[in-house]
Amino acid sequence: MPDFPTPSQSELTRQRVEHAASLARGSLPRRLDLTLSEALVLGLLRQGVKTFLTVFGHGSTEVGEVLRIYQQAGLLKVCGLRSEIEASHAAAALRWVTGEKAAVVTSIGPGALQALAASLAPASDGLGVWYLFGDETTEDEGFNMQQVPKHEQGLFHHLCSVMGHAYTLHTPLALPTALQRGAAVVDHPYRPGPFYLLLPMNTQAAWLPGFNLDELPHAHPISLGVADGDYAQAARWIQDAEKVVVKVGGGGRHAGPELTTLLERAGGVLVHTPLATGCIPYAHPHNLTVGGSKGSLCGNFAMQEADLLLAVGTRAVCQSDSSRTAYPNVKRVINLNADVDDVTHYNQTLPLVGEVRRTLEKLNQMLGPPRVAKQPWLAACAEKKAAWQAFKQERWANPVLLDAYWGGPVLTQPAAIKIAADWAKGCGAVSFFDAGDVQANGFQIVEDERPDQTFTETGASYMGFAVSALLATGIAPQPFYALALTGDGSFTMNPQILIDGVEHGARGTILLLDNGRMGAISGLQEAQYGQGFATWNTLQVDYLAWGRAVPGLLALDGGRTPESLAAALAQAGAHPGLSLIHLPVYYGPDPLGGMGVYGRWNVGNWCQDVQALRHEIGL
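Sequential numbering of the sequence shown, starting at 235, is according to my numbering.
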């Protein structure tokens with residue numbers, strides 16, 4: 235390519251303003267003289283990316299300047315944030331709740347590493363997010379400030395490639411290829427995830443004279459078809475089985491009508507993962523709710539007793555299948571999954587690889603009325619669900635316990651979560667649950683009637699995800715209201731949400747359930763070793779004072795009774811922006827203070843027994 239001089243910065247700015255105005259009018263020429271950074275922004279706009287969550291540094295100032303101009307033209311939205319982890323969580327939540335794609339923009343080195351760590355959440359939960367990282371120059375300069383302190387080039391690319399898929403723009407004209415590969419990852423039909431585009435600092439400003447914009451790919455989401463497979467055999471297995479359990483993961487959460495028909499024709503019961511809450515209404519008599527290590531009493535009963543497993547859109551993560559010990563009596567598995575890697579997770583599997591809803595439709599066509607009456611199985615499961623409901627009702631009837639840390643009576647976590655979840659459902663709010671006891675108690679308690687009412691990030695179980703997710707309420711094209719339920723341990727991972735949430739128009743409430751510790755780990759330590767260690771606070775932090783220091787934030791005391799919490803939630807809901815409710819909650823040995831554990835888990839000193847059982851079962 236001939237060497238064309240790059241225009242002066244003032245001329246570049248004038249050209250970029252002109253290009254942005256032309257794009258807004260729909261009259262952008264086919265060929266443009268522009269920098270790589272501007273071509274990148276144009277390419278991402280073609281991919282439907284109009285939201286950029288940024289923590290700018292010296293590795294991203296060039297991209298930032300283009301974003302500034304295009305935002306002024308009304309073509310995109312830039313949210314300058316205070317934490318790369320927060321930016322990543324917000325981008326993931328935006329994609330999860332609304333389907334809107336976003337790009338996380340960071341500097342070189344530490345900023346990119348922070349975002350990379352947080353990208354574990356979208357990687358684990360199957361959420362497509364773009365990541366734009368500043369990177370070392372393509373010339374070997376020796377040690378680069380803020381990069382991996384080794385002489386080798388491209389080490390950060392290797393780090394990103396371990397987490398997902400990465401591309402380094404060593405040459406500007408590779409941009410179309412980079413965008414094509416990114417789109418294939420971010421818009422993957424069954425396992426989308428993060429895509430890391432590394433931008434060497436010396437290529438960002440590279441001049442591209444006469445660049446052909448037709449090379450920039452448009453977004454073309456791909457859909458899968460119905461699975462090929464032995465449907466007749468699958469139908470015979472279902473008809474021959476006496477105790478059918480249908481285990482639904484995130485890939486099946488929108489297949490409610492098809493799942494309902496399947497349950498009726500198979501005479502089976504449904505158990506779901508936390509990602510599939512509301513896939514069918516909680517009140518449906520065949521819904522045994524959540525199962526796994528932190529599942530329900532009835533959900534785990536169904537998995538333990540079943541003789542046939544029909545897996546739908548689930549990866550069988552360790553907690554969801556009790557580290558491969560959840561189905562001791564299952565000898566046959568029918569697995570409906572879009573992912574070839576996951577469809578044969580268990581032995582003795584009949585795989586059906588394809589789009590879940592269409593595949594369920596075809597399977598349902600093969601199933602008539604059950605050949606063997608399944609009423610004994612359904613009756614036994616109904617009895618266990620009734621017992622689970624009675625178990626929960628006992629906790630709602632005893633919402634207050636004496637707590638040593640707080641020096642008096644406070645609400646239990648189950649009671650507080652129930653009050654808050656009912657309030658959120660009543661006002662149409664989306665609920666996010668943070669990691670830890672809040673999360674585990676949460677998906678045991680919620681009683682959703684449809685999908686996408688509750689979002690709990692269990693793939694990575696990333697502390698602080700829920701509070702950062704509230705940013706999505708303000709940056710979404712169609713703003714929504716959300717409730718983030720978090721513990722004091724998770725909240726203090728990302729407290730900058732108090733500032734950034736107000737600044738960017740978040741509409742929601744943070745319910746901070748404060749037991750003065752990382753309760754999930756304290757409980758695990760006590761169960762495994764008889765005592766906790768280094769998981770509790772030595773200071774009682776005034777979180778309300780913290781919140782009141784932020785202009786525009788409504789900070790409220792949730793009190794210590796159901797009535798005081800309900801009043802605080804009502805007040806928060808009437809506030810037009812972001813609210814924080816601080817609520818002291820119980821931690822201790824009283825069983826009324828928790829929801830219980832009914833499944834096994836390959837953790838700590840339990841590992842040997844769990845693994846021995848897994849190999850004994852041999853599924």
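Cβ coordinates follow ideal geometry from the N, Cα and C atoms, glycine included.
From what residue to what residue does the alpha helix (DSSP H) around H399 run? Annotation: H399 is outside any alpha helix (DSSP H); the continuous beta strand (DSSP E) that includes it extends over H399 to T402.
Hey, G721 and V672 are a contact pair by Cβ (cut 8 Å); roughly how many whole angstroms apart? Contact flag correct, Cβ pair sits at about 5 Å.
Is D824 helix, strand or coil when you go by DSSP? If DSSP states are grouped into helix, strand and coil, D824 belongs with coil.
Can you say whether I456 is buried or exposed, counting buried as having 16 or more other CB atoms within 10 angstroms of its CB? With fewer than 16 Cβ atoms within 10 Å of its Cβ, I456 is classed as exposed.
Going by DSSP, what residue range makes up the beta strand (DSSP E) through P443? Per DSSP, P443 belongs to the beta strand (DSSP E) from W441 to N446.
Please classify C513 as buried or exposed, where buried requires at least 16 other C-beta atoms within 10 Å of its C-beta. Flag for C513 reads buried.
Flag this pair as yes or no: are the beta carbons of E681 and Y516 separated by less than 8 Å? Between E681 and Y516, the gap from beta carbon to beta carbon is short of 8 Å.
Leaving out the 5 sequence neighbours to the left and right, which residues in its chain are closer than 8 Å to M752 when beta-carbon positions are compared? Only G670, G721, G723, T769 and W770 meet the Cβ criterion.
Just curious, the beta strand (DSSP E) that G757 is in, first and last residue? Here G757 belongs to no beta strand (DSSP E); instead the alpha helix (DSSP H) covers G753 to Y763.
Write down the C-beta distance between I653 and A800 rounded to the nearest angstrom, noting that I regard them as a contact closer than 8 Å. About 6 Å separates the two Cβ atoms, so the contact holds.
Take the Cβ of K384 as the centre, count every other Cβ of all protein chains shown within 10 Å, and call the residue buried at 16 or more, exposed below. Note on K384: under 16 other CB atoms within 10 angstroms of its CB, so exposed under the neighbour-count rule.
With a CB to CB cut of under 7 Å and the five nearest residues on each side skipped, what residues in its chain are close to L350? Counting only Cβ-Cβ distances below 7 Å, and skipping sequence neighbours, we find L393, C394 and M397.
Measuring alpha carbon to alpha carbon, tell me which residue in A258, D359, R280 and R265 is nearest L309. Selected option, being the one with the closest Cα: A258.
For the beta strand (DSSP E) containing Y465, list its first residue and its last residue. It is not in any beta strand (DSSP E) - Y465 instead sits in the alpha helix (DSSP H) that spans Y465 to D474.
So what does D462 bridge to, in DSSP terms? Assignment of beta-bridge partners to D462 by DSSP yields V587.
Identify which residue in N521, H422, D748 and R558 has its Cα closest to the Cα of W835. With distances taken between Cα atoms, W835 lies closest to R558.
Distance CB(F445)-CB(L268) smaller than 8 Å: Taking a C-beta distance under 8 Å as the contact criterion, F445 and L268 qualify as a contact pair.
I514 by DSSP, collapsed to three states: which one? Coil at I514, not helix or strand.
Rounded to a whole number of angstroms, what is the C-alpha to C-alpha distance between Q538 and D686? Cα to Cα, Q538 sits roughly 28 Å from D686.
Tell me the rounded alpha-carbon separation between Q599 and A550. Take the alpha-carbon of Q599 and the one of A550: they are about 26 Å apart.
At which residues does the alpha helix (DSSP H) containing C661 begin and terminate? First-last of the alpha helix (DSSP H) with C661: Q647 to C661.
Mind reading off the beta-carbon distance from D748 to V701? Whole number of angstroms is fine, and I expect it under 8 Å. About 13 Å separates the beta carbon of D748 from that of V701, a gap too long to meet the 8 Å contact definition.
When you compare the CB positions of L704 and I733, do they come within less than 8 Å of one another, or not? Contact: no.
Using the Cα positions of R250 and G792, report the straight-line distance between them to the nearest angstrom. Looking at the two C-alpha atoms, the distance is approximately 51 Å.
Name the two residues that bound the continuous beta strand (DSSP E) containing N521. Run containing N521: N521 to V524, per the beta strand (DSSP E) assignment.
Tell me which residue opens and which closes the alpha helix (DSSP H) that V837 is part of. From DSSP, V837 is part of no alpha helix (DSSP H); its letter is neither H nor E.
Which class does L745 belong to by DSSP, given the choice of helix, strand or coil? Per DSSP, reduced to three states, the secondary structure at L745 is strand.
With 16 other Cβ atoms within 10 Å as the buried cut-off, status of D448: Counting the other Cβ atoms within 10 Å of the Cβ of D448 gives fewer than 16, which makes it exposed.
Closest residue to L409 among Q678, G277 and L315 (Cα-Cα distance): Each of Q678, G277 and L315 was checked against the Cα of L409, and the nearest Cα belongs to G277.
Cβ shell of P519 (< 7 Å), same chain only, five flanking positions each side left out: Annotation for P519: A616 place their beta carbon closer than 7 Å to its own, counting only its chain and skipping 5 residues before and after.
Taking the straight line between their C-alpha atoms, what separation do you get for F390 and G333? Rounded to whole angstroms, the separation of the alpha carbons of G333 and F390 is 29 Å.
Buried versus exposed, by CB contacts within 10 Å (16 or more), C841: Here C841 is exposed, its C-beta having fewer than 16 other C-beta atoms within 10 Å.
Does C313 come out as helix, strand or coil in the three-state DSSP assignment? In the displayed model, C313 falls within a strand according to three-state DSSP.
Reference A355; option with closest CA among D374, Y696, G807 and L758: A355 has its Cα closest to that of Y696, out of D374, Y696, G807 and L758.
Rounded C-alpha distance that separates G282 from A412: Cα to Cα, G282 sits roughly 16 Å from A412.
Would you check if the distance between the CB atom of D543 and the CB atom of Y561 is smaller than 8 Å? Residue 543 is actually Leu in this sequence, not Asp. Yes, the pair counts as a contact, with Cβ atoms nearer than the cut-off.
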